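Residue numbers (the working numbering): 10 to 255. Structure first, commentary second.
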Amino acid sequence: MIAVLIPAHDEAATIGRCLASVRVAAAHPALLDEPVIVVVALDRCSDSTGTIALEHGARVVVVDAPGGVGAARAAAARVAISLGARWLAMTDADSWVPPDWLAAQLGHCADAFCGLVEVIDWEDYAAPVREAFGQRQHSGDDHPHVHGANLGVSTELYLRSGGFLPLRCSEDVALVQALVQVQASIARKARPAVRTSARRQARASGGFSHYLQSLEESLSVERLLPPHAAVKVNADPASQDDAFAA
10 MIAVLIPAHD EAATIGRCLA SVRVAAAHPA LLDEPVIVVV ALDRCSDSTG TIALEHGARV
70 VVVDAPGGVG AARAAAARVA ISLGARWLAM TDADSWVPPD WLAAQLGHCA DAFCGLVEVI
130 DWEDYAAPVR EAFGQRQHSG DDHPHVHGAN LGVSTELYLR SGGFLPLRCS EDVALVQALV
190 QVQASIARKA RPAVRTSARR QARASGGFSH YLQSLEESLS VERLLPPHAA VKVNADPASQ
250 DDAFAA
């Protein structure tokens, strides 16, 4: 059994589209009809996210305790593992996975999978921000990036590594670091990429939205500094580049 884990904090506007894309991925012929369950972790939701998730056939788990997205992902993982899932695929409620998403994760026959994201809704971000994001994203295989919106791990290695920590951000990065420590094999692939939003109203502090806004701010500062000073400013987003969570 394969499980898809989705943390959600007031995501009624986007969760339906996300779940519809997961349903298509779950029907990929390469999966040979292996059952796929979806677990949505309701992280202190006050809207209709849970109702919509149930309408799409997902299981829901309510997370009211502190710990943010890390606690939510961990709660979803516990439910999936208790139901017998052998593989845990992660995405986010404001993202849309491609049809071959699950098939590709499993097809690499690795202990874990780290994929990339593509922004499909840049809102009011200017062209320089979009270009800088593209330049900082290693577009090939063996990239260094970690995105909670495009991540997968076998249940065996998830448990061996200690699983998700109750962190408010970078819980995905912490998991991958723990996987490296236990010598898990990790497929770092450019494709398939998961499409996500560049919305400014972040659901988790320190996540993808924060990264893009920090990048925007650094570019604004660079225009006010002499060329020799821009290098130091430019280092901040680059240092986050390996660690931001989607």
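Using N, Cα and C, we set each Cβ at its ideal position, and we do this for glycine too. These figures come from a predicted structure and were not determined experimentally.
DSSP, reduced to helix, strand and coil, places Arg204 within a strand of the structure shown. Collapsing the DSSP output to three states places Arg145 in a helix. Ala83 is the residue among Pro201, Ala83, Ala158 and Cys123 whose C-alpha sits nearest the C-alpha of Leu174. Going by DSSP, Cys123 is part of the beta strand (DSSP E) stretching over Ala121 to Cys123. Straight-line measurement puts the Cα of Gly157 at about 7 angstroms from the Cα of Asp101.
When DSSP states are grouped into helix, strand and coil, Ala84 belongs to the helix group. Take Arg87, set aside five residues on each side of it, and no residue of its chain has a beta-carbon closer than 6 angstroms to its own. Around the C-beta of Leu92, fewer than 16 other C-beta atoms lie within 10 Å, and the residue is accordingly described as exposed.
Under the Cβ criterion (8 angstroms, minimum of three pairs), the stretch 191 to 207 counts as touching the stretch 109 to 124. Straight across, the Cα-Cα distance linking Ile129 with Asp103 is about 11 angstroms. By the Cβ neighbour-count rule, Cys123 is buried, with 16 or more other Cβ atoms within 10 Å of its own.
The beta carbon of Ile195 sits closer than 8 angstroms to the beta carbons of Ala119, Asp120, Ala121, Phe122, Cys123, Val185, Leu188 and Val189 from its chain, once the five residues preceding and following it are set aside; these are given in chain order. One Cα belongs to Pro44, the other to His152, and the distance between them is close to 30 angstroms. Note that the stretch 55 to 68 does not touch the stretch 163 to 172; fewer than 3 beta-carbon pairs, one per stretch, sit closer than 8 angstroms.
Here Arg68 has Val48 as same chain residues with Cβ atoms under 6 angstroms from its own Cβ, once five neighbours each way along the sequence are excluded.
Here Ala94 is not near Ile24, since their CB atoms are 8 angstroms or more apart.
If you draw a straight line from the Cα of Leu115 to the Cα of Ala34, it is about 12 angstroms long.
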